[in-house]
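The structure appears below as structure tokens.
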Amino acid sequence: MFIYRYLFTGRGDNQWTSPLGCAMFNVYFDINLQSLLGQRLSLLQLLASAAVVQAIERTSDYKVLNAQIKWPNDIFIGNDFAKLGGILATSSICGNYASINLGIGVNISNIQPSVCLNNAIDQQQSTSNLTHFTIEEFIGRTIGFFQKWTSQLTQSDSVKATAAIHDFYQFYESHWMHQNKEVFVDKWQETVIIVGIDDYGFLKVRKSSNGEIVTLHTDAHSFDVRQSIIREKAM
1 MFIYRYLFTG RGDNQWTSPL GCAMFNVYFD INLQSLLGQR LSLLQLLASA
51 AVVQAIERTS DYKVLNAQIK WPNDIFIGND FAKLGGILAT SSICGNYASI
101 NLGIGVNISN IQPSVCLNNA IDQQQSTSNL THFTIEEFIG RTIGFFQKWT
151 SQLTQSDSVK ATAAIHDFYQ FYESHWMHQN KEVFVDKWQE TVIIVGIDDY
201 GFLKVRKSSN GEIVTLHTDA HSFDVRQSII REKAM
């Protein structure tokens with residue numbers, strides 16, 4: 001695992017400067033391709049998103065922060081849905097294993113450039129007794145929850161692994177900001193209703209024109225939640 005104080009490059013070689021106070025870390029690990037998770041590598045960024053939300057929710061009292069997942073791999077917080085962090089997962093295949101590089105960045109104590117977790121906690125202090133996170137605690141909690149998910153989904157007992165993955169789907173959809181939301185898909189010039197994720201973590205939507213359920217892949221689409229538009233990425 002690597003922990004960074006500053007970070008400058010992200011998805012698509014986007015450039016930025018992350019101020020002190022961000023939790024920025026990379027985790028490297030291998031996954032057996034014969035396991036349930038190994039056959040669904042696209043779930044990794046979703047698993048990490050779920051782990052971040054679990055890390056934030058120390059107890060049920062922390063649900064007041066309203067930490068939610070933006071499909072597939074961003075974390076938003078508060079009633080105004082400001083972006084708190086994001087995840088980037090890359091993989092390479094060697095034999096029967098996939099080597100995974102998982103990068104996670106979450107604003108913990110830096111108020112700029114958008115919002116941070118501890119500031120969101122401060123805004124609730126008049127009605128709750130929530131306490132601040134340290135970067136070290138947050139990283140430890142996130143990795144702990146992520147390892148729990150991955151160990152359950154890579155176990156050799158297929159019955160238990162299948163039960164665990166359904167638990168994950170339920171958790172993810174209960175903590176995202178999209179269920180039954182109406183959005184516009186640019187390439188179809190059509191409004192759809194979001195109905196869930198499929199077995200691989202791709203977005204399932206129902207077309208308004210004919211009721212057909214269609215899947216949108218993560219790598220091929222970008223989701224502008226403020227404008228409620230899904231656009232096709234330039235390849």
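Read in full-length UniProt numbering, the sequence shown has 155 at position 155, and its numbers run on one by one without any break.
The C-beta atom is built at its ideal place from N, Cα and C for all residues, glycine as well.
On a predicted model such as this, the values are computed, not experimentally measured, just so you know.
- Task: Assuming W188 contacts A50 (C-beta within less than 8 Å), just tell me the rounded distance between them.
- Result: No, W188 and A50 are not in contact; Cβ-Cβ is about 29 Å, not under 8 Å.
- Task: On a CA-only basis, which of I121, F138 and A48 is nearest T131? Give me that one, please.
- Result: I121
- Task: Compute the Euclidean distance between the alpha carbons of G21 and K83, then round it to the nearest angstrom.
- Result: If you take the alpha carbons of G21 and K83, they lie about 15 Å apart.
- Determine contact between the stretch 86-93 and the stretch 46-62, defined as no fewer than three beta-carbon pairs at a distance below 8 Å. yes
- Under the assumption that I135 contacts I111 (Cβ atoms under 8 Å), give the Cβ distance between them as a whole number of angstroms. Not confirmed; about 15 Å, so no contact.
- Cutoff 6 Å; reference R40; Cβ partners in own chain excluding five residues on either side: Y200
- Quick one: what does DSSP say H221 is sitting in, helix, strand or coil? strand
- Contact under 8 Å by Cβ, K204 with I197: yes
- Query: Can you list, in chain order, the residues of its chain whose CB lies under 6 Å from that of I139, leaving out five sequence neighbours each side?
  - Reply: A23 and F25
- Under 6 Å Cβ to Cβ from I230, same chain only, skipping five residues before and after it: list those, please. V183, V185, H221 and F223
- Query: Tell me the DSSP bridge mates of E182?
  - Reply: Under DSSP, the beta-bridge partners assigned to E182 are I193.
- Task: Quick one: residues in its chain with C-beta nearer than 7 Å to the C-beta of N32, no 5 flanking neighbours on either side, listed in chain order?
- Result: G38, N96, Y97 and T154
- Query: On the three-state DSSP scale, how would you describe Q170?
  - Reply: helix
- Item | When Q179, R58, T59 and D30 are compared against S228, the one with the closest alpha-carbon | Q179
- Query: Which residues in the same chain as P19 place their Cβ atom closer than 7 Å to its Cβ, once the five residues preceding and following it in sequence are excluded?
  - Reply: N110 and Q112
- Secondary structure at K204, three-state DSSP: helix, strand or coil? strand
- Ends of the alpha helix (DSSP H) at S151? Unbroken alpha helix (DSSP H) run through S151: I135 to L153.
- Task: Spatial neighbours of F146 within its chain, please: CB distance less than 7 Å, with the 5 preceding and 5 following residues excluded, ordered by chain position.
- Result: L47, A48 and A51
- Answer with buried or exposed for N79, where buried requires no fewer than 16 other C-beta atoms within 10 angstroms of its C-beta. exposed
- Which of the three DSSP states, helix, strand or coil, is assigned to Q68? strand
- Query: Just the Cα atoms here: how many angstroms apart are Q125 and F76?
  - Reply: 20 Å
- Task: Could you give the DSSP three-state label for N118: helix, strand or coil?
- Result: Of the three classes helix, strand and coil, the one that applies to N118 here is helix, per DSSP.
- Under three-state DSSP, which class holds C83? With the sequence shown as reference, residue 83 is identified as Lys, and Cys is not the correct amino acid for it. Here K83 sits in strand by DSSP.
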